[in-house]
Amino acid sequence: MDTQSSQKPEVKELEHVVVRFSGDSGDGMQLAGTIFSTISASVGNGISTFPDYPADIRAPQGSLTGVSGFQVHISEGQSLTPGDLCDVLVAMNAAALKTQLRYAKPQATIIIDTDAFGPADLKKAQFESDDYLLELCIDPDRVVACPITKMVKDCLADSGMDNKSVLKCRNMFALGLVCWLFNRDLELAFSFLREKFKKKPAIAENNIRVIQAGYDYGSNTHASVPATYRIESRHKVPGRYMDITGNKATAYGLMAAAEKAGLQLFLGSYPITPATDILHELAKHKSMGVITVQCEDEISGCASAVGAAFAGALAATSTSGPGLCLKSEAINLAVIDELPLVVIDVQRGGPSTGLPTKSEQTDLLQALYGRNGESPMPVIAATSPTNCFSSAYMAAKIALEHLTPVVLLTDAFIANGSSAWRLPTMEDLPEIHPHYATEDQKYKYSPYKRDEQSCVRYWAIPGQEGFQHILGGLEKDGETGAISTEPENHDRMDHLRYDKVQRIPVPDVVVEGDKDDADLLIVGFGSTYGHLYSAMQELRQRGHKVALAQFQFINPLPANTAEVLLRYQKVVVAEQNLGQFAALLRIRINNFAPYQYNQVKGQPFVVSELVAGFGKVIQTKEAPDYDNTYISRILNTHND
Numbered sequence: 329m330d331t332q333s334s335q336k337p338e339v340k341e342l343e344h345v346v347v348r349f350s351g352d353s354g355d356g357m358q359l360a361g362t363i364f365s366t367i368s369a370s371v372g373n374g375i376s377t378f379p380d381y382p383a384d385i386r387a388p389q390g391s392l393t394g395v396s397g398f399q400v401h402i403s404e405g406q407s408l409t410p411g412d413l414c415d416v417l418v419a420m421n422a423a424a425l426k427t428q429l430r431y432a433k434p435q436a437t438i439i440i441d442t443d444a445f446g447p448a449d450l451k452k453a454q455f456e457s458d459d460y461l462l463e464l465c466i467d468p469d470r471v472v473a474c475p476i477t478k479m480v481k482d483c484l485a486d487s488g489m490d491n492k493s494v495l496k497c498r499n500m501f502a503l504g505l506v507c508w509l510f511n512r513d514l515e516l517a518f519s520f521l522r523e524k525f526k527k528k529p530a531i532a533e534n535n536i537r538v539i540q541a542g543y544d545y546g547s548n549t550h551a552s553v554p555a556t557y558r559i560e561s562r563h564k565v566p567g568r569y570m571d572i573t574g575n576k577a578t579a580y581g582l583m584a585a586a587e588k589a590g591l592q593l594f595l596g597s598y599p600i601t602p603a604t605d606i607l608h609e610l611a612k613h614k615s616m617g618v619i620t621v622q623c624e625d626e627i628s629g630c631a632s633a634v635g636a637a638f639a640g641a642l643a644a645t646s647t648s649g650p651g652l653c654l655k656s657e658a659i660n661l662a663v664i665d666e667l668p669l670v671v672i673d674v675q676r677g678g679p680s681t682g683l684p685t686k687s688e689q690t691d692l693l694q695a696l697y698g699r700n701g702e703s704p705m706p707v708i709a710a711t712s713p714t715n716c717f718s719s720a721y722m723a724a725k726i727a728l729e730h731l732t733p734v735v736l737l738t739d740a741f742i743a744n745g746s747s748a749w750r751l752p753t754m755e756d757l758p759e760i761h762p763h764y765a766t767e768d769q770k771y772k773y774s775p776y777k778r779d780e781q782s783c784v785r786y787w788a789i790p791g792q793e794g795f796q797h798i799l800g801g802l803e804k805d806g807e808t809g810a811i812s813t814e815p816e817n818h819d820r821m822d823h824l825r826y827d828k829v830q831r832i833p834v835p836d837v838v839v840e841g842d843k844d845d846a847d848l849l850i851v852g853f854g855s856t857y858g859h860l861y862s863a864m865q866e867l868r869q870r871g872h873k874v875a876l877a878q879f880q881f882i883n884p885l886p887a888n889t890a891e892v893l894l895r896y897q898k899v900v901v902a903e904q905n906l907g908q909f910a911a912l913l914r915i916r917i918n919n920f921a922p923y924q925y926n927q928v929k930g931q932p933f934v935v936s937e938l939v940a941g942f943g944k945v946i947q948t949k950e951a952p953d954y955d956n957t958y959i960s961r962i963l964n965t966h967n968d
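Using my numbering, read the sequence shown as starting at 329 and increasing by one per residue.
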């Protein structure tokens, strides 16, 4: 293919674009994507990212199962999803091209490293011929084919790096080429690398050379593209922004809550994909008084946090679905002792080990009911990477003010994904007032004496003179705090613990779109917000009356839940499980019979599929039935 051009490509303005980097797990696609998204956030673009990587620690090089991807959606305004299909696909080897082509638009520009498409590479990727473009039905005019490996070796020939280290820089050449394609300022990338490798400046400078080489390649050859592109930001609120992942935002939310409450933050945890980054991030902040303990297992991680809560700290424990199972007994101790504890569950594909690097919403009922006895707990579900900050902050506020463990549900999609986040100030955040024992209770304190209006007990910290008390796993008398097996007392305590949670004030659920006259109300919870909102807007642009109610507070449900859901003739509950939230809503709301849209693929929703499914609900005149047969048939025929 002729890569020379005598005319410089024109620069076109775009409102948004989707780029997907893909290659072997060791090719650094996550880093390249992260740098590109950080650059974009730094200039004020809206971003939404989706890291998509395999569970293999290191799959065989060039194999189909070892491909790692990173997709980023950049827009002049807010980006709510990482996009259904990409406009630019970077494929660093034959396996990446074969597996990732399905995520590219038919007219997408494809950048490949021709040095990784030799006979052995094509065989590993299970191609049947050497003409891989013909085999995949790819128009050669869409392909920017360049010998990336060779050019990186030439660029670093005098660097003193060994061959293995040189090859690890191929991702930076691809990044430089993409930066040229979208007219990005390379100085932002250089600053990122110098900060990341500040202890190894030689590595930073060698990577910077390679990025510049990729940029120069595009600039000098024009890389067979008719135009380069620019995405200008026009609607940004002034402030300081950063590209933040959901896990980092969760960690920051906990730190902000501890600071606001005047407490020390303690995290007891055990490493588990995809929640481990919360532990990693908090471990960096000892200077802020944060204590992190990596325990020997999930049970001890949670038990240590329960002990920290008893001692007066803002206590938290982080995990994913299998770990939440293991933590259940220690969580129950926090329930009966009524101690403030934030339990973060970064949901992943299950059951068992399942799909450890993929995303689902399948832990909802476990979070609500996965403990023995009557053990009610508030449950909050974050709606985006940036919302993880405010959700973690609110989970801590509820835990401290209502003396209860709280479950915060995120998932792999928003935990690993990132968005542009405007940093708040501490003055922007709501006050947190832990429900401490009062001075007039001194020397007559009983641990289960309660505020009559909120049903919240008073929190005394060990070591306070005049507030000696005992907590434990056995039921206690509500008046004296002594161990009790009296039937009436146990019944009363169960009701009090339940009532305490139900009396927690949470914001009303907000209806967006055609809230007054919608023919269809879409209902979701947590991380599906961006996709469901985008589907709603697409349907409205097609002339349909559609509204959306996205739930962040699951237990207790907002006070206006029944009024909202019973207002509309047709309601569809869309979730990445087999109907757990729909089942909860049926339990809580009389005469509520929604349609359902359920997928459990380990991948985010696809907006075009949502639009097709919801469109069929709008058109149908048949009512949903409870066995879900008709619902599944109506909503999933577009996938057949």
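Glycine is no exception: its CB is placed at the ideal position from the N, C-alpha and C atoms.
- Within 10 angstroms of the beta-carbon of residue 903 lie 16 or more other beta-carbons, which makes it buried.
- Counting C-beta atoms within 10 angstroms of its own C-beta, residue 748 has 16 or more neighbours from the protein chains shown and is therefore classed as buried.
- Around the Cβ of residue 775, a 10 Å sphere holds 16 or more other Cβ atoms; the residue is buried.
- Using a 10 angstroms sphere on the CB of residue 658, the tally of other CB atoms reaches 16 or more, which defines it as buried.
- When C-alpha distances from residue 876 are compared across 396, 864, 539, the shortest belongs to 864.
- When C-alpha distances from residue 898 are compared across 872, 581, 556, 629, the shortest belongs to 872.
- Taking 7 angstroms as the cut-off, the Cβ atoms of residue 603 and residue 647 count as close.
- Contact between the stretch 626-644 and the stretch 655-673 is present: 3 or more CB-CB pairs across the two stretches fall below 8 angstroms.
- Per the coordinates, the alpha-carbon of residue 438 lies some 38 angstroms from the alpha-carbon of residue 947.
- The beta-carbon distance between residue 444 and residue 416, rounded to whole angstroms, is 18 angstroms. This is too long to meet the 8 angstroms contact definition.
- Within the stretch 880-967, the complete alpha helix (DSSP H) segments at least 4 residues long are 889-893, 908-916, 935-947, 957-964, listed from N- to C-terminus.
- C-alpha of residue 546 to C-alpha of residue 507: approximately 9 angstroms in a straight line.
- Here DSSP, grouped into helix, strand and coil, assigns residue 604 to helix.
- Considering only 380, 485, 369, 352, the residue with the shortest C-alpha distance to residue 685 is 380.
- Below 8 angstroms, too few C-beta pairs join the stretch 777-790 and the stretch 738-757 to call them touching: fewer than three.
- Runs of alpha helix (DSSP H) with 4 or more residues, each lying fully within the stretch 805-860, are found at 815-830, listed in chain order.
- Residue pairing by DSSP places residue 620 opposite 595 in a beta bridge.
- For residue 518, the secondary structure class from DSSP, reduced to helix, strand or coil, is helix.
- The alpha-carbon separation between residue 895 and residue 841 amounts to approximately 14 angstroms.
- Taking a contact as a CB-CB distance under 8 angstroms, the pair residue 785 and residue 666 counts as one, their CB atoms being some 5 angstroms apart.
- Here residue 570 is bridged, per DSSP, to 749.
- Counting only residues of its own chain and dropping the five nearest sequence neighbours on each side, residue 722 has a CB closer than 7 angstroms to the CB of 708.
- For residue 760, DSSP assigns no beta-bridge partner whatsoever.
- With fewer than 16 other CB atoms across the displayed protein chains lying within 10 angstroms of its CB, residue 568 is exposed.
- A Cβ-Cβ separation of about 55 angstroms leaves residue 337 out of contact with residue 589 under the 8 angstroms criterion.
- Residue 404 sits close to residue 561, with the two beta carbons spaced by under 7 angstroms.
- Only residues of its own chain outside the window of five on either side were considered, and among them 670, 706, 723, 726, 727 have a CB closer than 6 angstroms to the CB of residue 734, listed in chain order.
- Of all C-beta pairs linking the stretch 761-770 to the stretch 812-820, fewer than three are shorter than 8 angstroms, placing the two stretches out of contact.
- Contact between residue 542 and residue 517 does not hold, since their C-beta atoms are separated by about 10 angstroms, which reaches or exceeds 8 angstroms.
- In the structure shown, residue 676 falls within a coil segment according to DSSP collapsed to helix, strand and coil.
- Taking C-beta atoms as the reference points, residue 413 and residue 431 count as a pair closer than 7 angstroms.
- Setting aside the 5 residues that flank it on each side, residue 426 is surrounded in the same chain by 453, each with a C-beta closer than 6 angstroms to its C-beta; the list follows chain order.
- Among the bridge pairs identified by DSSP, residue 414 is matched with 432.
- Under a 10 Å Cβ-count criterion, residue 693 is classified as exposed, with fewer than 16 other Cβ atoms of the shown protein chains found around its own Cβ.
- The stretch 590-601 makes contact with the stretch 619-626; the number of CB pairs closer than 8 angstroms reaches 3 or more.
- For residue 351, the beta-bridge partners assigned by DSSP are 396.
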